[in-house]
Every structure is written in C-alpha cells, then in structure tokens.
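Take 1 as the starting number for the sequence shown in the UniProt record's numbering and just add one per residue.
Glycine is no exception: its CB is placed at the ideal position from the N, C-alpha and C atoms.
Take a look at the structure set out below.
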Amino acid sequence: MTRRDPLQDIEELFERMDRELEKLGTGLDVPTDSSVAVDVIDGDEEITVLADLPGFDDEAISVELRDETLTVGATPSGEADATDANAGDVSDADDGERYHLRERRRGSVSRRIPLPAAVEPDAASATYDAGVLTVTLPKRSAADESGHRIDVN
C-alpha cells in the first residue's frame with residue numbers, strides 16, 4: 001500500500017483551482033496574487049525583488065513598501081481594453097476586429113510580497129527594463145512602521 005502525502009494532495013487541489021479560476025477569472029478584472037511572477041533574492045546587504053510585468057509602461061507601475069511588505073502593481077494604459085479580455089472570447093473588439101482566440105492578459109495586476117528582513121525605505125530604488133521590474137531594498141536593523149512609495153525609473 002502506498003502512503004499518500006496530504007500536503008501533496010492539497011497542493012494539487014490548489015493547482016487545479018488556480019487553473020479553473022484562470023479560465024473563469026480573466027474577464028473579471030480582479031487582480032490576484034498569482035498574476036505577477038516574482039523572484040526575491042536575500043543578499044548579505046540588500047534584498048532584490050524581480051517582478052515580471054511585460055507590456056506595461058513604466059508610468060503604469062506602482063511600487064509601495066509598508067510594514068515589511070512590498071506591493072507591486074500595474075495598470076494598462078487602456079484600462080477599457082483590459083475589461084473585455086476573456087480567454088477564448090470570440091466577441092468583436094471596439095475597433096471592429098474579431099478575435100478567434102484571446103489569451104494574453106491585459107488587465108491590472110498586483111502582488112504583495114512579504115520581505116525576509118527589515119529594509120531601509122529611503123534608500124530603496126526601482127528600475128524597469130524589458131518587462132522586468134527590479135526593486136533593490138538595502139537591509140537595516142530597525143523596523144519602520146510607516147509606508148513608503150518607491151519611484152520607478
């Protein structure tokens with residue numbers, strides 16, 4: 001008899017739920033935490049967060065640090081375009097084009113990322129290049145309880 005791993009079963013359930021919600025949720029314009037892929041690198045002197053945000057203008061990206069949590073978000077320039085995008089939708093677009101298949105996401109995205117260490121908000125920086133947002137957060141020893149907006153260059 002093979003022993004089942006209950007944690008593996010739960011993980012498979014979440015993966016199935018994500019796939020089903022993905023089918024239903026792309027036209028709902030509801031940002032989910034899984035909508036932005038990130039890497040968090042915990043270095044000796046700084047934390048670096050890399051976030052995939054392809055297709056957004058740098059002015060459309062927001063980055064905020066509050067309570068040791070980094071929030072990254074982006075809103076497309078044509079928000080009206082974002083609300084009519086459904087996976088597999090074949091409806092007419094505003095400009096008269098008819099989509100046979102429409103899978104690319106065009107709505108707002110966001111992600112809250114808990115940080116592994118306290119950081120210095122005033123020394124934080126962010127750059128956006130080739131669809132990848134890079135946020136550099138120098139570490140510090142004391143926790144800061146106020147929020148801090150980080151400008152994207």
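Sorted by chain position, which residues of the same chain lie with C-beta nearer than 8 Å to residue i's C-beta, five sequence neighbours on each side aside?
i, result
"Leu-53", "Val-36, Ile-61, Val-72, Ala-74, Val-109, Tyr-128, Gly-131, Val-132, Leu-133"
"Val-38", "Val-49, Leu-50, Ala-51, Asp-52, Val-72, Arg-111, Ile-113"
"Pro-76", "Gly-55, Phe-56, Ala-60, Ala-82, Arg-106, Gly-107, Ser-108"
Label residue i either buried or exposed according to how many other C-beta atoms from any shown protein chain fall within 10 Å of its C-beta, with 16 as the threshold for buried.
i, result
"Ala-124", "buried"
"Ile-47", "buried"
"Leu-137", "buried"
"Ile-150", "buried"
"Leu-101", "exposed"
Measure the alpha-carbon distance for residue i versus residue j and round it to whole angstroms.
i, j, result
"Pro-6", "Glu-12", "10 Å"
"Glu-120", "Asp-58", "23 Å"
"residue 215", "Met-17", "As shown, the chain starts at 1 and ends at 153. That puts residue 215 outside it, with no answer to give."
"Ala-87", "Asn-153", "Low local confidence applies: a pLDDT of 42 at Ala-87 is under 50, so the model's placement there is unreliable, with the coordinate-based value given in what follows. Rounded to whole angstroms, Ala-87 to Asn-153 spans 32 Å at the Cα level."
"Ile-41", "Val-135", "10 Å"
Enumerate in chain order the residues of its own chain whose CB-to-CB distance from residue i is below 6 Å, with the five nearest sequence positions on each side excluded.
i, result
"Gly-148", "According to the sequence displayed, residue 148 carries His and not Gly. So the list reads Leu-65, Pro-121, once near-sequence residues are dropped."
Leaving out five residues on either side along the sequence, give the residues of the same chain with a beta carbon under 7 Å from the beta carbon of residue i.
i, result
"Glu-45", "Pro-138, Lys-139"
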